[in-house]
Structure formats: structure tokens, C-alpha cells
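Structure first, commentary second.
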Amino acid sequence: MTDNMIVVSDLKKSFKINRVLRNVTFTVRKGSIFALLGSNGAGKTTVVKILSTLMKPDSGNVTINGLDVVRQGYYVRECISLTGQFTAVDEVLTGRENLNLIGQLKRLNGVKNKVNEWLSFFHLQDAADRKVSTYSGGMRRRLDIAMSLMGKPQIIFLDEPTTGLDPQNRIAMWDLVKELAVGGTTVFLTTQYLEEAEYLADYIAILHGGKILAEGTPQYLKTIMPHRGAQLNFQSEEQAAEAMALLNENGITIESFEQKLPSLEDVFLALTDEKGGK
Amino acid sequence: MHKLKGISFLDSWIMFKRCLLISLRNPEALLMATITPFFLMLLFGTVFGNIADVGSLNYIDFIVPGIIMQSLGQASQHSAMNVATDMTKGIIDRFRSMSISKSAVLIGHTGAGVVRNTISSTVIIITAFVLGFRPHGGFVDWLIVVALLTLVNIAISLIAVLCGLISKTPEGSSGLMFPLFILPFISSGFAPTDTMSGGIRWFAEIQPMTPIIDSIRALTLGLPLGNSLWIALAWCIAIIIIAFTAAAQVYKRRLS
Ligand SMILES: Nc1ncnc2c1ncn2[C@@H]1O[C@H](COP(=O)(O)OP(=O)(O)OP(=O)(O)O)[C@@H](O)[C@H]1O
Ligand SMILES: [Mg+2]
Chain X
-13 MTDNMIVVSD LKKSFKINRV LRNVTFTVRK GSIFALLGSN GAGKTTVVKI LSTLMKPDSG
47 NVTINGLDVV RQGYYVRECI SLTGQFTAVD EVLTGRENLN LIGQLKRLNG VKNKVNEWLS
107 FFHLQDAADR KVSTYSGGMR RRLDIAMSLM GKPQIIFLDE PTTGLDPQNR IAMWDLVKEL
167 AVGGTTVFLT TQYLEEAEYL ADYIAILHGG KILAEGTPQY LKTIMPHRGA QLNFQSEEQA
227 AEAMALLNEN GITIESFEQK LPSLEDVFLA LTDEKGGK
Chain B
22 MHKLKGISFL DSWIMFKRCL LISLRNPEAL LMATITPFFL MLLFGTVFGN IADVGSLNYI
82 DFIVPGIIMQ SLGQASQHSA MNVATDMTKG IIDRFRSMSI SKSAVLIGHT GAGVVRNTIS
142 STVIIITAFV LGFRPHGGFV DWLIVVALLT LVNIAISLIA VLCGLISKTP EGSSGLMFPL
202 FILPFISSGF APTDTMSGGI RWFAEIQPMT PIIDSIRALT LGLPLGNSLW IALAWCIAII
262 IIAFTAAAQV YKRRLS
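Here you go:
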């Protein structure tokens, strides 16, 4: 067995005339956190669906744990777990019943205990016997992820796991993802946020225009991305003016006051310009 | 950890329990599906019963099979809607990305449909007794009736599952089921076909509801059976095979 958990090469997928994936190639190492970064409609969900055997690619090779997703789908499904972009829970059942169902389908031993463990891990004990239709968005998402984690899959796909979560839940989700990776699970996640990818992932691939525009470790990507400035906040405008005067005196020029992280669009622009210029 | 491919029976059973649980959470649906045929029976049994002419037979005895068919169609709408709901929510992607047998979801819904339909038909038959239904079939006749109804039930539930798979929305799926509510009226269910005229009579005589209804009527009222039972069985088996194959195909193709 190699260290590569997921190997994708020359993947193509079109919907009628819409060539969503033109040529996607990447590998994901065992036990790592891999982030697929892309804006709305870039094709992230399409990649996740192909990797989780829900959709057939038009061409290209995809292997997971050494198994071909098209020809050995059944065995691939045994080692993966999918948390789709939209929560996949039974609304009319309770949280406990939802978890129970998955535990039974996976033929786990001691389902009852495991269900209780996951319920308390995700702080859902109090709501365990209420219908999911009464849950908040964050609770649904947590239940959704708990369902995916039942049976300790080797690889977990998380399609935009933090979209729609409040900052507190988002941080909890980040911690969970890190914890999973420490436990040896390979995590494949998609996101629209550069910040999230940088914080979480061991390796990032940026999907744009149907191709992987850039990839590498967060450290490497930082070096090739547009420069970022610092944002300094002062208590008053006077202080800010004073600070500027001081900086000027010392020969440090200030371009503008508000410089934040580059947006994903900036990144695309910079990277595509660079490639086009060569 | 490796699960044998062959144990799909257990997957279907788990899915069946899930579908039943979902129905239990929505008892109004079953109630509605029973109330319509109930009022139909009340109406036909009391008001129209006096004006309809079905020879020497009691009108309520005559219409019970037709009402049962109507109730099966009504109750099956919920199978269609539940399937369509599953297909339009993310849950189906979760099931499809797990190593469970592909037909388990379909079999689970069909099974739950059969259970719901059985409950609703039982209520209808009990109501019929209260309203004056007096069958005189023997034990074996009833056994055949139950067996035939079970087959019909499976066939209609599979059609419902297929409608649920084809339609884009849960509401649309019950629209697709509409012909099933109408068919019993254009059959021997409420009037003998030889009292009908031209094209309607021709249609009533060739469509599957008529041999099914004729068989049940003959078995419950001790009338001559003719070959209607064989025709009814052939229809049921053909529909079951076709609907199941089509459903499995649509299910596979629907999401790729
Ligand atoms: N089943 C489908 N049929 C037709 N077109 C599709 C289908 N699924 C996706 N597409 C198209 O493929 C493109 C990529 O969609 P995809 O859902 O993969 O994007 P995404 O990166 O996940 O976007 P988002 O961030 O909005 O979730 C879009 O233009 C979309 O309209
Ligand atoms: Mg998406």
C-alpha cells in the first residue's frame, strides 16, 4: 500500500455543453487534511460526488485506497463516508433514530452505546428524542456529521462543512476536523474560504475553470499569492494620523488603510495573470 | 468490517423499518387515505345504492372490490410522495454513498406501502361490513382473495415507487398517481361493463382493474369465477416485474 489515499488523474466531467471539470489531477495523502478550494460553481460538489461514487466521470482515473471508484464502487463505499453540502438527515425522525439507522446499516456492534456516545460528543443529548425538524441549522449539521462518523470511516468527505455555521460552531468544526486527522482519518473537504483552507488543511488545491489552478501546502501557496498587508486599528483618527506621520518619517509608505486577506477572486486574478503572462 | 454483498435482505429490512417509522410520524396521511374511500362507500352504498341496478345483487356487496381498489390507489400516493421526498433531499446521497444494496431503498418503500395499504383496505372492509356487506365465500375463497389482494397491493406500491422516482417533486408524484384513482370508475367496479357504451366499455373490459375486481367479487359472493382470476394474476405479475425493473433502472440513472 502506498501513502496515497486518493489519486485523481485527468478527471473530466461535462453536463451537456457545460464543461465543469476539464482536467483535474491531484493526490491526497493518507491521514492528511486536503482542502479543495473554489468559488460557487467551480465544480467542488461535482468532484466530491465523483469521488464518493455518486456520479460517474466522463473520463480519467480515480482511485481511493487503491480501489477504482467506477469499477469497484461497492468496496470504495465501505471505506468512505460522505457529508454532502446539504444536510442528509430524516426530518421526521429523531436524532437518535437517525443515528440508529446508520449504525444498523453499517452493522455496528453495540449501536445503542455508540449512538449515545456520538449524541453527547456533539452536545445533542437533550435534543436526542426530538424530531430533527425542530433542530436549528447548526444542530442539523452536527447530527449530519455524527451520522457520517459512525463506524469510523477511513476517509471522510466534507462538502463545505462550515457554510451556514456561526463562528462558534465553525471553530468547533475546525477542531473536530483536526482531531479526526490526528486519529488517522483522511479528511477531504471543500470550502470557498481561503482562510479556512489555510488554517485547516495540510494541502490545498484550488479549483478554477475546470482545472487545478494551484496546489501545495498553505506555506507554499502563501508565497505565490498576492501580498497581503496588515490592518492596524487605533483608538482615534488622531492616533492613526500620528502613526502615519511616524511611519512616513521613517520612510515607510502607506498605500491604503484597509488591507485584508485577498479574496478568492484576487487570488484567481493574480494566479491566472501570472500563468497567462508566461 | 467487510460486509458480504449477499446480505442485501437485511438492508431492505432496515429500510423497511425506516419507512414504517416515517409513516408512523405522519398518521394523518393514512387517515386521509382511508377517509376518501370511506365516504365513497357511504355515498355509493346509501345514496346511489337505491338507483343502481346490478341485477339480483346487493349494491354494497357489488361495490366492495371497486372501493378496495380505490383505497389502494389513495393510500399508495404516500409511497410516491415519500420516495419523491427521499430523492429530492440529501438523504438519498448518503444511502447511495454507503455500501448497502441498491434495491434496499426501493424494497423498503414498497414494503411500507404494502403495510399502509393493507391497513387502509382492512378499515374499508370493516366499514363495508357495518354498512351491510354480506359476503358468502368460503375459507379457501377468502384465502385466495387475500393472496390476490396482496399481489395487487405489491403491484400498486411498486407503481407508486416508480411515480415517486420519476417526478421532480413530492406534489408532482401524487399527480402522476391520478390515473390510479380514476381507473376503478372505468371498470366493472361500480357498474357492470355491459351497461356501458362504446369506447368506455371496450376500455373497461381490457384494463387490469376489471379482472381483479371481477375475481374478488366472484370469490366473495360465490359467483362463477370464469378465467378472470388467471387474467388478474397475469396482470399483477407482469406489472410487478415491469414496475420493479423500471424503478431499479430509474433509480440507478436518476442520479448520475
Ligand atoms: N446534475 C447536474 N446537471 C447539470 N449541471 C450540473 C449538475 N451538477 C452541477 N452542475 C453544474 O456544474 C457546475 C459546478 O457545480 P458544482 O455544484 O460542482 O459547484 P460547486 O463548486 O460545488 O459550487 P457551490 O460552491 O455553489 O456549491 C455548475 O455550473 C452547475 O450548474
Ligand atoms: Mg457545492
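Protein chains in written order, with our numbering: chain X, -13 to 264; chain B, 22 to 277.
Note that beta-carbon positions come from the ideal geometry of N, C-alpha and C, so glycine has one too.
Sixteen is the threshold: since fewer than 16 other Cβ atoms of the shown chains lie within 10 Å of the Cβ of T266 (chain B), the residue is exposed. Under the Cβ criterion of 7 Å, R222 (chain B) is not counted among the residues facing chain X. For A28 (chain X), the shortest separation between its Cβ and any heavy atom of ligand 1 lies below 6 Å.
Under DSSP, A132 (chain X) shares a beta bridge with no residue. Q178 (chain X) has its CB no nearer than 6 Å to any heavy atom of ligand 2. At least one heavy atom of ligand 1 is found less than 6 Å from the C-beta of F1 (chain X).
With the rule of 3 Cβ pairs closer than 8 Å, the region 201 to 212 of chain B does not count as touching the region 151 to 169 of chain B. By the criterion of a C-beta distance shorter than 8 Å, A269 (chain B) is surrounded in its chain by K123, S124, L127, once the five residues flanking it on both sides are discounted.
Burial check for I227 (chain B): the Cβ neighbour count within 10 Å stays below 16, so the residue is exposed. Against chain X, a Cβ distance below 8 Å from N47 (chain B) picks out V78. Spanning the alpha carbons of V97 (chain X) and P139 (chain X) requires a straight line of approximately 15 Å. Contacts between I238 (chain X) and chain B, judged by CB atoms closer than 8 Å, are missing: the closest CB pair is about 52 Å apart. Bridge partners of E64 (chain X) according to DSSP: none are assigned. Below the 7 Å Cβ cutoff, chain B contributes I35 as neighbours of Q90 (chain X), in chain order.
Under the Cβ criterion (8 Å, minimum of three pairs), the region 80 to 99 of chain X counts as touching the region 128 to 146 of chain X. Residues of the region 110 to 137 of chain B whose Cβ lies closer than 9 Å to any Cβ of chain X, in chain order: K110, G111, I112, I113, D114, R115, F116, R117, S118, M119, S120, I121, A125. Short note on T143 (chain B): C-beta not closer than 6 Å to any heavy atom of ligand 2.
Taking 8 Å as the upper bound for CB-CB distance, V34 (chain X) and D145 (chain X) are in contact here, some 5 Å apart. Residue contact with chain X for R39 (chain B): present (Cβ-Cβ distance below 7 Å to some residue of chain X). If you draw a straight line from the Cα of I260 (chain B) to the Cα of T203 (chain X), it comes to about 58 Å.
Counting only residues of its own chain and dropping the five nearest sequence neighbours on each side, A176 (chain B) has a CB closer than 6 Å to the CB of C257, I260, I261.
Residues of chain B whose Cβ lies closer than 7 Å to the Cβ of F72 (chain X) are, in chain order, G111. According to the DSSP assignment, V14 (chain X) belongs to the beta strand (DSSP E) that extends over 4 to 15.
Sixteen is the threshold: since fewer than 16 other Cβ atoms of the shown chains lie within 10 Å of the Cβ of D161 (chain X), the residue is exposed. For E201 (chain X), the enclosing beta strand (DSSP E) covers residues 197 to 202. Taken from the Cβ of V6 (chain X), at least one heavy atom of ligand 1 lies inside 6 Å.
For I165 (chain B), no Cβ of chain X is located within less than 7 Å of the residue's own Cβ. Considered as a whole, the region 59 to 113 of chain B harbours 80 to 109 as its complete alpha helix (DSSP H) runs of no fewer than 4 residues, in chain order.
Counting C-beta pairs with one atom in each stretch, the region 73 to 88 of chain X and the region 36 to 52 of chain X have fewer than three that are closer than 8 Å, which means they do not touch. Straight-line measurement puts the Cα of I121 (chain B) at about 11 Å from the Cα of I35 (chain B). Rounded to whole angstroms, the gap between the alpha carbons of A133 (chain B) and M119 (chain B) is 22 Å. Per DSSP, the unbroken alpha helix (DSSP H) holding N234 (chain X) starts and ends at 223 to 235. Between the beta-carbon of I(-8) (chain X) and that of T13 (chain X) there is about 7 Å, and that keeps the pair under the 8 Å contact cut. Rounded to the nearest angstrom, the gap between the Cα atoms of R222 (chain B) and I84 (chain B) is 18 Å. Taking S119 (chain X) as the centre and dropping the five residues before and after it, the same chain places the C-beta of E77 closer than 6 Å to its C-beta, in chain order.
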